[in-house]
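Just below is one structure, and these are the notes that go with it.
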Amino acid sequence: MLPKEELKKRRIDFWTLLDSEMTPVRGVHGNKVSWLSYKSCVKELYIRMEFDGKGCRLCLDLQHKDTSIRALFFEQFLELKTVMQSSFSTPLTFLDEYKIEASGIFSARIMSEDTQINFFRDEDIPKAIEFLKTQLISLDEFWTEFKDVFIGLQK
587 MLPKEELKKR RIDFWTLLDS EMTPVRGVHG NKVSWLSYKS CVKELYIRME FDGKGCRLCL
647 DLQHKDTSIR ALFFEQFLEL KTVMQSSFST PLTFLDEYKI EASGIFSARI MSEDTQINFF
707 RDEDIPKAIE FLKTQLISLD EFWTEFKDVF IGLQK
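Written as structure tokens, this is what we have:
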């Protein structure tokens, strides 16, 4: 394990590098996208990226406090599972109940993950950048087409 300050620097360096790699990449319609803080435009639906010793992940977290609303949104994602999966290059995992370790908040989670990539191996940094870049572009393709379905659900 790395000392606290070295770990902090490594994290900052990684996310800065990913941001610089993603900045020139345009969205589906040629629009500028803030990739590292990708907005879902849906209340309580968060898009997160994680990279640690267990792997690299792009996650969609449904964090509605009302479990029935969370279940409704999750069911809608399940109905779109086939088309969603066709947008991504790696298999998606659908978890109807997931506890976010950092906050203890319960959510439903949909994620794309590569467990062969490790934050602590220098040679895996380019692999993680490529993985997240590919997954973010895939997410944008799917979300551009289907976000209105979820925006309609929240009304």
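Residue 741, in the working numbering, is where the sequence shown stops; the numbers in between run on with no holes. Here a beta-carbon is modelled for each residue, glycine too, at the ideal position from N, C-alpha and C.
#1: Given this structure, state the Cα-to-Cα distance separating I723 from F732, to the nearest angstrom.
#2: My understanding is that H615 touches T730, with C-beta atoms under 8 Å, so please give their C-beta distance in whole angstroms.
#3: State the start and end residues of the unbroken alpha helix (DSSP H) segment that holds A714.
#4: Quick one: is S626 near chain E, going by C-beta distance under 9 Å?
#5: At which residues does the beta strand (DSSP E) containing F692 begin and terminate?
#6: Is it true that the CB of I715 sits closer than 9 Å to the CB of E607?
#7: For K685, which three-state DSSP category applies?
#8: Thinking just about the alpha-carbon of each residue, which of F600, K640, D647, D638 is nearest to the one in Y624?
#9: Would you check whether the ligand FAD has a heavy atom nearer than 8 Å to the C-beta of D708?
#10: DSSP on I633, reduced to helix/strand/coil?
#11: State buried or exposed for S675, treating a residue as buried only when at least 16 other CB atoms are found within 10 Å of its CB.
#12: Count the other C-beta atoms from every protein chain shown that fall within 10 angstroms of the C-beta of D700, then say buried if there are 16 or more, exposed otherwise.
#13: Name the residue from L644, E630, E687, I633 whose alpha carbon lies nearest to the alpha carbon of L718.
#14: Could you tell me the alpha carbon to alpha carbon distance between K651 and S693, rounded to whole angstroms?
Per the coordinate set shown:
#1: Taking the straight line from one Cα to the other gives about 14 Å.
#2: Distance from H615 to T730 at the Cβ level is roughly 7 Å; contact confirmed, criterion being Cβ atoms closer than 8 Å.
#3: For A714, the enclosing alpha helix (DSSP H) starts and ends at 711 to 739.
#4: Considering every chain present, this structure includes no chain E. It has just one protein chain.
#5: Unbroken beta strand (DSSP E) run through F692: 692 to 700.
#6: Against a cut-off of 9 Å, the Cβ pair of I715 and E607 comes out as a contact.
#7: In the structure shown, K685 sits in a strand (DSSP, three-state: E or B).
#8: Out of F600, K640, D647, D638, D647 has the C-alpha closest to the C-alpha of Y624.
#9: For the structure depicted, the ligand FAD is absent and the ligand set is empty, with no information on it obtainable.
#10: DSSP places I633 in strand when its eight states are reduced to three.
#11: Burial check for S675: the Cβ neighbour count within 10 Å stays below 16, so the residue is exposed.
#12: Answer is buried; the Cβ neighbour count reaches 16.
#13: Closest by alpha carbon: L644.
#14: Taking the straight line joining both Cα atoms gives about 8 Å.
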